[in-house]
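Residue numbers (this note's numbering), protein chains in the order written: chain A, 15 to 167; chain B, 15 to 167.
Note that CB positions come from ideal geometry on N, CA and C, so glycine has one too.
Structure first, commentary second.
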DNA sequence: TGACATTGGTCAGAGGCTCTGACTAATTTG
DNA sequence: CAAATTAGTCAGAGCCTCTGACCAATGTCA
């Protein structure tokens, strides 16, 4: 459903989806490897996708679920694990007694620091490969695209 | 681990990984929805990620696994489902009696046609938003990035 | 105010995905 | 030819994700 068209064979240009996905996955792999090497090996990719979306002042479960595109049951399940592993804690939401805010714990910020370092390194490598100008154009185009592809923008 | 940095608060520029992921996911969602609407609702996202990587002349299980970044056991499990659903068939590899080629069936090419249509449509929308020039630059930069991020390139 | 709909979240259960480990068969290497 | 490698399968366990049903707090509106 992607590249090198059906049985007919004429190789067209590569699907933009694949083009986006490849560097994304490469970056994610690098971050994960570095995190594991730094000792943050007690969470799974699924948990990370939730953890990543917790804001600095805490985020509601429902919002986490929506952003991660999973059901709130699934998000709750993952937050349970993260809580047990010490990455987050749940605190009452002062503005709504039904809700609780999922807040990052110290351990999460420490992991984030490692992750941010790797991201910066990879971005540097990319900038070296593309040249500063094309790297800037790339980020600029992607940022613009966000306007029509990110329901949360 | 991504945006709006830790407890310190200073909002830096958005992580390039997120920037790549957002449009990727938006595109994938569109393709999936269209496929389901066209009646191709009997396969899962995990199966699709394998199906997508089957070449026009068939691909070995081991290669599918490597490209999809799953174990060969997982790939085998998914191909089993796809085979039952009629999307693929396994044929002996004439060049190696241990191996079998996973080949797309008619149903897979039909689905691919639907998917390609949606991708083309979405790419058109993106080009309209960005302008032809920036769209070309985007694809060009991503293609270049592939050289250092795609182990299969 | 008081009924009703909405929203935040949990519990229970089922099914799907993915991994590790162990194994068979064919191929390649020395 | 013996040993190492490679393609693939089987079995079992654990994680992830969903649907459905439910409770409690909040919002809406006559």
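- Contacts with chain B at 7 Å (Cβ-Cβ) include residue 137(A).
- Inter-segment contact for the region 80-87 of chain A and the region 37-47 of chain A is absent: fewer than three beta-carbon pairs are separated by less than 8 Å.
- For residue 59(B), no CB of chain A lies under 7 Å from its own CB, so it is not counted at the interface with that chain.
- Assignment of residue 73(B) by DSSP, reduced to helix, strand and coil, places it in the strand class.
- Counted as a single uninterrupted DSSP element, the alpha helix (DSSP H) harbouring residue 148(B) occupies residues 146-163.
- When the alpha-carbon of residue 164(B) is set against those of 28(A), 148(A), 36(A), 135(A), the nearest one is in 36(A).
- For residue 155(A), the nearest CB of chain B lies under 7 Å from its own CB, placing it at the interface with that chain.
- Ranked by how close their Cα comes to the Cα of residue 124(A), the residues 74(A), 72(A), 79(A), 100(A) have 100(A) in first place.
- Legend: CB atoms of the region 30-53 of chain B lying less than 7 Å from CB atoms of chain A belong to residues 30, 31, 33, 34, 35, 36, 37, 38, 40, 41, 42.
- Annotation: Cβ neighbours of residue 164(A) in chain B (cutoff 7 Å, chain order): 36.
- Residue 83(B) is classed as exposed because its beta carbon has fewer than 16 other beta carbons within 10 Å across all chains shown.
- Taking CB atoms only, residue 102(A) has no neighbour in chain B less than 7 Å away.
- Listed along chain B, the residues sitting closer than 9 Å to residue 159(A) by beta-carbon distance are 33, 36, 37, 40, 140, 143, 144, 152.
- Within chain A, the residues placing a beta-carbon under 9 Å from that of residue 148(B) are 151, 154, 155, 158, ordered along the chain.
- In the three-state scheme derived from DSSP, where H, G and I count as helix and E and B as strand, residue 112(B) is classed as coil.
- Using a CB distance cut-off of 7 Å, residue 133(B) counts as an interface residue toward chain A.
- C-alpha of residue 58(B) to C-alpha of residue 65(A): approximately 25 Å in a straight line.
- Counting only residues of its own chain and dropping the five nearest sequence neighbours on each side, residue 114(B) has a CB closer than 8 Å to the CB of 74, 75, 104, 105, 106, 107.
- The shortest CA-to-CA distance from residue 166(B) to any of 49(B), 142(B), 78(B), 33(B) is the one to 78(B).
- About 6 Å separates the Cβ atoms of residue 155(B) and residue 151(A), confirming a contact at the 8 Å cut-off.
- For residue 64(A), there is no enclosing beta strand (DSSP E); the residue is found in the alpha helix (DSSP H) stretching over 59-65.
- Ranked by how close their Cα comes to the Cα of residue 91(A), the residues 116(A), 72(A), 111(A) have 116(A) in first place.
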